[in-house]
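Take a look at the structure set out below.
Chains as they are written, first to last, in the working numbering: chain A, 74 to 448; chain B, 74 to 448.
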């Protein structure tokens with residue numbers, strides 16, 4: 074998400090720097106998976122983007138868990154606001170084995186802590202926009218409110234952070250991030266927006282259309298690929314669509330274009346000092362079965378016969394549950410949703426067909442189990 | 074708490090090993106504070122204890138954040154149950170500066186994760202007894218239930234972990250520990266008891282009485298000393314009792330003897346597989362003002378004139394709040410509380426008087442602020 078966000082913000086007139094340690098690229102290499110289309114490094118991307126847009130984006134390559142690095146970054150580019158994406162982002166990877174789990178825990182907590190310390194020291198009025206995840210809430214049997222819950226109990230009332238209970242270590246580190254930011258909002262009067270994002274789908278944005286070198290990663294493997302992106306590539310590869318268990322697992326989804334707009338809206342309308350503002354960031358809910366059916370239907374119009382396989386669920390999760398999350402905050406800020414139409418699915422299938430020769434079927438599904446002995 | 078627990082468990086017939094990296098001793102040295110009475114190292118203590126009780130306690134000195142160390146420990150001593158005390162335990166230290174904060178975050182999360190991974194690998198049926206803290210709950214405006222809360226919301230119901238909102242980084246790392254254990258209880262079917270402990274006071278246990286070399290640390294400094302222990306030493310040193318702000322801050326307290334019994338009761342009556350069992354571990358609630366008044370009164374019977382000083386609160390916390398926490402679980406398991414009588418306070422004052430010459434007044438209060446620029 075970092076690169077498309079940087080392009081989008083500069084296209085809207087903001088001055089932006091990017092910081093990356095290529096963690097995702099490195100983990101993909103280690104696990105022998107790769108995005109459908111390879112992408113240039115960030116220095117190369119900024120050259121292309123500058124030639125197209127005239128906007129220069131400074132690049133800092135280093136590890137934000139290293140204080141001397143982050144200190145140097147904040148001295149050289151002191152922001153009014155920052156978007157914290159610097160986390161190991163994949164739930165299946167976080168459950169792969171002990172080493173992957175510890176990397177996820179350490180990276181996600183230490184980057185968040187260093188971001189907090191850097192903001193306190195260098196730009197205490199800057200807003201931190203942190204990417205949370207709808208997965209922090211899990212699938213409770215009550216409506217999911219937007220971050221907070223008023224609890225009436227034995228005749229008294231208290232507003233709490235909406236109670237969280239996640240289904241993977243990755244999602245749990247995002248709960249811990251929230252714990253950490255909520256502490257320092259109260260202790261140090263920081264301003265923070267937590268965007269509780271659902272799974273993102275799509276490739277194309279206003280900025281990258283027609284420029285493959287500017288696309289974000291499209292992982293279709295089980296470790297780093299999100300579900301709709303995976304189904305699209307599976308349909309094109311002639312691999313069955315891998316529905317885990319009953320397929321009733323329901324989540325909130327959004328188009329990559331909406332993600333960029335949500336992040337920009339949060340930055341342009343910052344939270345007040347001393348406030349943790351929370352938005353549920355998705356536009357529609359779908360069950361896994363609904364997504365599989367939608368992909369199957371649109372794929373058939375391309376002459377692709379996508380079979381749906383209900384396989385043993387490698388995760389531990391409810392496959393049939395209540396799910397009714399609130400999501401009005403970003404709409405009130407001005408978000409205009411791009412919904413999942415058949416045209417959007419068709420456009421993604423066309424893209425995958427164009428690159429069909431690059432699909433490596435062996436990386437589609439390797440059965441990473443949530444409770445395997447390799448943990 | 075580790076050493077008194079080990080003695081107590083062996084006295085009750087259990088076979089026990091201890092693991093320590095002397096973190097607290099090392100941090101005290103770094104910050105130039107020390108307990109009132111110096112204590113021998115663990116190897117020396119076990120020799121003394123074996124000569125008194127006949128019980129041998131194996132000692133492993135090393136860092137539990139190091140997987141190769143913890144793996145070696147679990148291979149050589151595979152427990153049926155374990156008590157996880159391996160955390161940086163001081164709230165003021167955790168707010169001292171960035172280095173102290175990062176040490177607290179890293180140590181407390183990585184020891185907990187490694188304990189979880191080790192139990193999964195070497196003894197998946199063993200119970201983890203984790204020391205939590207009542208401070209995880211903060212001071213909500215509703216009754217604090219024992220770990221869990223039934224929430225009725227818009228006509229539906231869900232049981233959640235009682236929502237947590239702590240007032241220091243130390244307490245927040247204990248929330249994160251709970252997040253982590255709750256994840257793996259569900260994913261890997263572990264059995265876990267979380268003891269939400271209030272501040273502990275006292276020095277004497279059935280096992281250490283009359284053996285100063287077996288006492289636990291009595292820190293009276295602002296960083297590592299708990300409030301009642303600090304007030305006792307302040308009264309003896311002729312230092313004003315340092316009440317922060319209005320002094321209405323109310324917490325649940327318990328005697329060190331009760332802590333040992335609680336931990337033993339939890340071990341002897343383990344949680345079921347796949348269950349996170351939570352007990353609120355304290356016996357009485359007091360406000361800071363009540364404790365100061367009690368110490369002042371008992372001190373006067375020794376001819377000590379303890380002045381009470383209401384100083385600017387270096388912490389960020391409510392100084393006047395509702396506080397009604399439940400605490401029946403451990404009583405139902407058989408806990409017989411030792412309450413804070415005047416005799417208990419007098420015994421502690423006698424101890425401090427005996428060692429009055431060792432008190433270093435300059436370490437009593439150094440004004441560690443929760444939001445200082447050194448963070």
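Ideal Cβ positions, reconstructed from N, Cα and C, are used throughout, including at glycine.
Q. Beta carbon of residue 215/A, beta carbon of residue 229/B: below 8 Å?
A. yes
Q. How far does the beta strand (DSSP E) with residue 269/B in it reach, from first residue to last?
A. 264–270
Q) Would a C-beta distance cut-off of 8 Å place residue 372/A and residue 422/A closer than the cut-off? A) yes
Q. In chain B, what lies closer than 8 Å to residue 174/A by C-beta?
A. 186 and 190
Q) What does a CB cutoff of less than 6 Å around residue 449/B pick up in its chain, not counting 5 residues either side in sequence? A) One cannot answer for residue 449/B here, as it falls past the ends of chain B, which runs 74 to 448.
Q.
Going by C-alpha to C-alpha distance, which of 267/B, 169/B and 170/B sits closest to residue 352/B?
A. 267/B
Q) Can a CB atom of chain B be found closer than 8 Å to the CB of residue 207/A? A) no
Q: May I have a chain-ordered list of the beta strand (DSSP E) segments no shorter than 3 residues that lie completely inside the segment 246–312 of chain B?
A: 264–270
Q. Short check: CB of residue 297/B to CB of residue 166/B, under 8 Å?
A. yes
(Q) Rounded to whole angstroms, what is the Cα-Cα separation between residue 255/A and residue 233/A? (A) 11 Å
Q: Report the three-state DSSP secondary structure of residue 349/A (helix, strand or coil).
A: strand
Q. What residues in its chain sit with their C-beta under 6 Å from that of residue 222/A, if we drop five residues either side in the sequence?
A. 233 and 235
Q: Can you have a look at residue 382/B and say buried or exposed, based on whether 16 or more other CB atoms are within 10 angstroms of its CB?
A: exposed
Q: Closer than 7 Å by beta-carbon distance: list the chain A residues that pair up with residue 239/B, in chain order.
A: 256
Q) In the segment 330–346 of chain A, which residues sit with their C-beta less than 9 Å from some C-beta in chain B, listed in chain order? A) none
Q: Determine, using beta carbons only, whether residue 261/A comes closer than 8 Å to chain B.
A: yes
(Q) Just to confirm the assignment, what range does the beta strand (DSSP E) spanning residue 221/A have? (A) 221–226
Q. Residue 157/A by DSSP, collapsed to three states: which one?
A. strand
**Q.** Short CB-CB distance (under 8 Å) between residue 213/A and chain B
**A.** yes
Q. Would you call the segment 327–338 of chain B and the segment 100–119 of chain B touching, i.e. three or more CB-CB distances under 8 Å?
A. no
Q: Measure from the alpha carbon of residue 84/B to the alpha carbon of each residue in 279/B, 346/B and 417/B, then state which is nearest.
A: 279/B
Q: Under 8 Å by Cβ, that's how I've got residue 264/B and residue 345/B pegged, so tell me the actual separation to the nearest angstrom.
A: 6 Å
Q | Distance between residue 335/A and residue 440/A (C-alpha atoms, nearest Å) | A | 34 Å
**Q.** Proximal residues of chain B, C-beta to C-beta of residue 454/A below 7 Å
**A.** Absent from the structure is residue 454/A, since the part of chain A shown begins at 74 and ends at 448.
Q) When burial is assigned at 16 or more other CB atoms within 10 Å of the CB, is residue 103/B buried or exposed? A) exposed
Q) Can you tell me whether DSSP reads residue 108/B as helix, strand or coil? A) coil
Q: Please determine, among 203/A, 274/A and 197/A, the residue with the shortest C-alpha to C-alpha distance to residue 251/A.
A: 203/A
Q: Could you check what DSSP says for residue 238/B in three-state terms: helix, strand or coil?
A: coil
Q) Does the Cβ of residue 404/B have 16 or more other Cβ atoms within 10 Å, making it buried, or fewer, making it exposed? A) exposed
Q) Would residue 269/B pass as a contact of residue 354/B if the rule is Cβ separation under 8 Å? A) yes
Q: Return yes when the Cβ of residue 443/B is within less than 8 Å of the Cβ of residue 207/B, no when it is not.
A: no
(Q) On a Cα-Cα basis, can you pick out the residue from 293/A, 340/A and 428/A that is closest to residue 105/A? (A) 293/A
Q) Just to confirm, are residue 286/B and residue 121/B a CB contact at a threshold of 8 Å? A) yes
(Q) Considering only the alpha carbon of each residue, which of 153/A, 170/A and 187/A lies closest to residue 197/A? (A) 153/A
(Q) Could you check whether residue 361/B and residue 311/B sit closer than 8 Å to each other, using their CB atoms as the reference points? (A) no
Q: At 3 residues or longer, and completely inside the segment 110–145 of chain B: list those beta strand (DSSP E) runs for me, N to C.
A: 132–134
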